Amino acid sequence: MNRRTAPAAPGDALAGALAAEYAAIYAYGPIGVRLTDADRRAARTAEAAHRARRDALVLQLSATGGTVPADQAGYALPFPVTDRASALRLAVQVEDRTAAFWRAALPVTTGADRTRALNALTDCAVRATRWRRSAGITPLTVPFPGRPA
Amino acid sequence: MVLTCPVATGRTTTHPDGTGQSRRTVLRTGALLAVGAAAVPLTGCGLLDRDGPTPPPDPLEPLAAESRELAARHRAAITADPGLADRLTPIADAHTAHADELRRLIGRPEPSGPAAPGPTVVDGARNTLLAELRAAEQSGRDNAAKACADAPGDRAALLGTIAAARATHLEALK
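Quick mapping for you: the protein sequence lines, in order, are chains L and X.
Quick note on numbering: the UniProt record's numbering labels position 56 of the first sequence as 56, and the sequence is numbered without any gaps.
Quick note on numbering: the UniProt record's numbering labels position 106 of the second sequence as 106, and the sequence is numbered without any gaps.
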């Protein structure tokens with residue numbers, strides 16, 4: 001029960017979340033170019049949300065003297081994004097993966113930090129559901145968003 | 001016997017509902033208790049029982065009950081409108097899975113109290129059914145988020161995941 005599966009310190013967990021946000025922002029580049037109309041607008045909105053989380057995390061980690069991981073020049077995508085279908089599939093995966101990092105921050109944070117982590121987890125999970133709907137993937141939901149399968 | 005009075009009086013003064021009781025009221029209560037104790041000696045024995053009090057219910061019990069209740073709501077809606085089965089079955093299953101995980105976290109069997117109310121009977125147009133489910137998921141999401149905020153670290157991940165799941169249900173019901 002007390003086995004520690006999450007990062008031990010809030011700083012480590014939040015640094016993990018920041019690295020995930022960097023990767024999400026990166027991924028929405030190739031995703032966006034394969035989408036049109038409402039899908040593309042949703043991708044832009046999602047990317048802006050991830051940027052906002054990134055900025056807040058950088059500020060927070062800097063203010064508390066934590067390590068602020070650096071953004072990378074590029075991130076390996078799990079599969080090539082060549083069309084709308086693969087772009088939507090990647091968007092689902094990006095949100096699910098980012099949700100997992102925010103979930104890992106919950107046990108090691110308290111108060112306002114935990115509320116922020118929960119809001120971020122929830123936003124990622126809801127966006128993943130919207131992307132599943134766009135992609136025609138069912139079911140639209142997973143039982144435990146952010147929990148490693 | 002003499003010991004019973006101060007103990008009982010002390011309980012009266014510290015009772016959470018006992019704000020603003022005058023000293024006289026307390027003393028009178030103590031006197032009445034003393035008379036009662038004298039008349040029926042056994043009534044005072046509960047305080048000294050060896051069995052100890054039953055542990056207070058786990059703070060997660062309401063959330064576990066809510067998961068069962070939400071599952072029942074979705075299944076009732078499917079019964080009322082079988083065309084919703086594909087959409088609602090995964091959500092109902094998720095609520096059941098949440099209830100099972102909460103039970104594991106609580107580490108005690110389901111409390112035996114009055115039996116949970118049977119599945120809600122719902123009726124009405126599809127839009128009405130979905131609107132009611134959305135309202136239930138919204139309130140459930142808020143409850144789970146509050147539980148997550150208040151929980152010790154080792155419970156926060158599951159509670160946060162349940163809050164997020166309920167938010168996705170809300171989205172899927174749009």
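Ideal Cβ placement from N, Cα and C applies to all residues, glycine included.
Bear in mind the structure is a predicted one, so any value in this text is a computation, not a measurement.
> Which chain L residues sit within Cβ distance under 7 Å of residue 106/X?
Replying inline: None at all; the shortest Cβ gap to chain L is about 12 Å.
> Hey, residue 146/L and residue 161/X: beta-carbon distance below 8 Å or not?
Replying inline: yes
> Does the beta carbon of residue 146/L come closer than 8 Å to any beta carbon on chain X?
Replying inline: yes
>> Using only CA atoms, which one of 97/L, 110/L, 141/L lies nearest to residue 50/L?
In response: 97/L
> Name the residues in the segment 59–72 of chain X whose C-beta lies less than 8 Å from a C-beta of chain L; which are they?
Replying inline: none
> Sorted by chain position, which residues of the same chain lie with C-beta nearer than 7 Å to residue 113/L's C-beta, five sequence neighbours on each side aside?
Replying inline: 10
> How big is the Cα-Cα spacing for residue 138/L and residue 131/X?
Replying inline: 21 Å
> Does DSSP put residue 160/X in a helix, in a strand, or in coil?
Replying inline: helix
>> To the nearest angstrom, how far is the alpha carbon of residue 65/L from that of residue 15/L?
In response: 12 Å
>> So the candidates are 149/L, 44/L, 26/L, 19/L; which of them puts its Cα closest to the Cα of residue 56/L?
In response: 19/L
> Along chain L, which residues have their Cβ under 7 Å away from the Cβ of residue 90/X?
Replying inline: 139, 141
> Is the CB-CB distance between residue 88/L and residue 135/L below 8 Å?
Replying inline: yes
> residue 161/X versus chain L: which residues are under 7 Å apart at the beta carbon?
Replying inline: 103, 144, 145, 146, 147
> Going by beta carbon distance, what residues of the same chain come within less than 6 Å of residue 92/X, once the five residues before and after it are set aside?
Replying inline: 71, 74, 75
>> Please classify residue 68/X as buried or exposed, where buried requires at least 16 neighbouring CB atoms within 10 angstroms.
In response: buried
>> Mapping the DSSP letters down to three states, classify residue 25/X as helix, strand or coil.
In response: In this prediction, residue 25/X has a pLDDT of 45, which is less than 50 and means its spatial position is unreliable; what the coordinates show is noted afterwards. The answer is helix: DSSP assigns residue 25/X an H, G or I state.
>> Among 121/L, 140/L, 70/L, whose alpha-carbon lies nearest the alpha-carbon of residue 141/X?
In response: 121/L
> Would you say the segment 157–173 of chain X touches the segment 75–86 of chain X, given that touching needs at least three Cβ pairs under 8 Å?
Replying inline: no
>> Under DSSP, the alpha helix (DSSP H) around residue 67/X begins and ends at which residues?
In response: 61–80
> What whole-angstrom Cβ distance do residue 22/L and residue 93/L have, given they're in contact under 8 Å?
Replying inline: 16 Å between Cβ atoms; not a contact.
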